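First comes the structure, then the notes that go with it.
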Amino acid sequence: MAEVHSNWWYQHRRQFFLEDVVLIGPAGAEWGDWLRLLKREQKAPAERQEVGGKTLRMARSFSADMTERENQLARMLALQWRRQREGKTLASPQRCYWQGSENAWQAFAGQVKDSFPEIVLPEFPEMWMGESTLSDIAAFLGSDGNDAHILVAGCQSVLASAEGLLPAGEAAALWLAGSEGPVLLSRGEFFSPSETESLKDVCERAQKQSELDAAPDACILFSHPQQSELPGSGWNVTHHLQDNFWGNTGKLEALVVISLAAIFAQSQSQPCGWIATDPLHPLALGIVKPHENR
20 MAEVHSNWWY QHRRQFFLED VVLIGPAGAE WGDWLRLLKR EQKAPAERQE
70 VGGKTLRMAR SFSADMTERE NQLARMLALQ WRRQREGKTL ASPQRCYWQG
120 SENAWQAFAG QVKDSFPEIV LPEFPEMWMG ESTLSDIAAF LGSDGNDAHI
170 LVAGCQSVLA SAEGLLPAGE AAALWLAGSE GPVLLSRGEF FSPSETESLK
220 DVCERAQKQS ELDAAPDACI LFSHPQQSEL PGSGWNVTHH LQDNFWGNTG
270 KLEALVVISL AAIFAQSQSQ PCGWIATDPL HPLALGIVKP HENR
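Every number in our numbering is 19 more than the matching position in the sequence shown, counting from 1.
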């Protein structure tokens, strides 16, 4: 039994590196924008009033048509990736995960073809499924001697709604995961309220998963008013709330907070937690750590 438990933890603790992280939203697109945001020096973007309700939008003028707006956001993501890579060569990723519409994927893939002629992307990527996808990536890249790359990307522009708790936002994010990089990402944990396990228990398991003795000092998240256990989680869930900088990011929430946690871990050289809604569970959470041997 002990051997089975030990093997479970070995699999469960598998991590992978993030070589590239690209993030675009109403508060910025460049690395410096996100460093200022994490230091709480970045001014929150101004809300706009659209036909359906309040919004937080990119500063540059995109189309008012939501489909075309997402296509423009997807192309911008590919262009920003090229700018951040500064001419470094790139092999075709072995797998691609996408969060967003099929139209936006085609726009993204078309711009990648122009920006990175050396790489080939599939016509139909796999769907990003939150913690489940992180688990798949960790299992795939965590096997010995695997030097493949996996591309994870997505974009969404949320339609304005009078019913929304937050202004409708928009965002795009991209990771290139592999066997090298400045930060390490664990597969994370998921939380479903139950009588047998509290959110604090799950957070402590995430610390054990990332081989930490204490809670990370920082945690990136949006507010979750329906999750009454958050204040008792043992993690700092008030210092880095993202609501005012992004609004409602729809299904891109996890990609946004994990990207910011990765930027924090790399720039501050210390672990950073993240908490987000998940496609299959009420919450998913995890920790990004700096790669200390670089």
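Every residue gets a Cβ at the ideal spot worked out from N, C-alpha and C, and that includes glycine. Small disclaimer: the values here were computed from a predicted structure and weren't measured.
When beta bridges are read from the DSSP output, A295 appears opposite A303. Three or more beta-carbon pairs separated by less than 8 Å link the region 146 to 161 to the region 201 to 209, which places the two stretches in contact. By the Cβ-count criterion, T257 is exposed, with fewer than 16 other Cβ atoms from all chains shown falling within 10 Å of its own Cβ.
In the DSSP assignment, no residue is bridged to I156. Taking the CA atoms as reference points, S288 sits about 13 Å from L279. The Cβ atoms of G119 and Q175 sit closer than 7 Å to each other. Cα atoms of F35 and Y116: separation of roughly 15 Å, rounded to the nearest angstrom. When DSSP states are grouped into helix, strand and coil, F264 belongs to the helix group. A buried status is given to E272, since no fewer than 16 other beta-carbon atoms sit within 10 Å of its beta-carbon. P250 carries a helical assignment under DSSP once its states are collapsed to helix, strand and coil.
Judged by DSSP in its simplified three-state form, M148 adopts coil rather than helix or strand. When Cβ pairs closer than 8 Å are counted between the two stretches, the region 54 to 68 is seen not to touch the region 79 to 99, the count staying below three. Ranked by Cα distance from E248, the options K107, C222 and L299 are led by C222. By the 16-neighbour rule on beta-carbons within 10 angstroms, R102 is exposed. Annotation: A234 to Q226 spans about 6 Å, alpha carbon to alpha carbon.
Ranked by Cα distance from L57, the options A303, E311, N263 and H310 are led by N263. In this structure, the CA atom of I156 is about 16 Å from the CA atom of S229. Of the candidates G266, W293 and A179, the residue whose Cα lies closest to the Cα of S252 is W293.
Residue state for D39 is assigned as strand, using DSSP reduced to three classes. DSSP lists A303 as the beta-bridge partner residues of F209.
Cβ-Cβ separation between A172 and G44: approximately 14 Å, too far for a contact (criterion under 8 Å).
The beta carbon of Q113 sits closer than 6 Å to those of A167, all from its chain and outside the five residues before and after it, given in chain order. For G72, the secondary structure class from DSSP, reduced to helix, strand or coil, is coil. Taking a 10 Å sphere around the C-beta of N122, we find fewer than 16 other C-beta atoms and assign the residue as exposed. By the CB criterion at 7 Å, S205 and I306 fall inside the cutoff. Under DSSP, I169 shares a beta bridge with R114 and A196.
In the DSSP assignment, I239 is bridged to W293.
As computed with DSSP, L203 is found in a beta bridge with F36 and K308. When secondary structure is reduced to three states using DSSP, A187 falls in the strand class. Rounded to the nearest angstrom, the Cβ distance from V139 to S111 is 5 Å, consistent with a contact under 8 Å.
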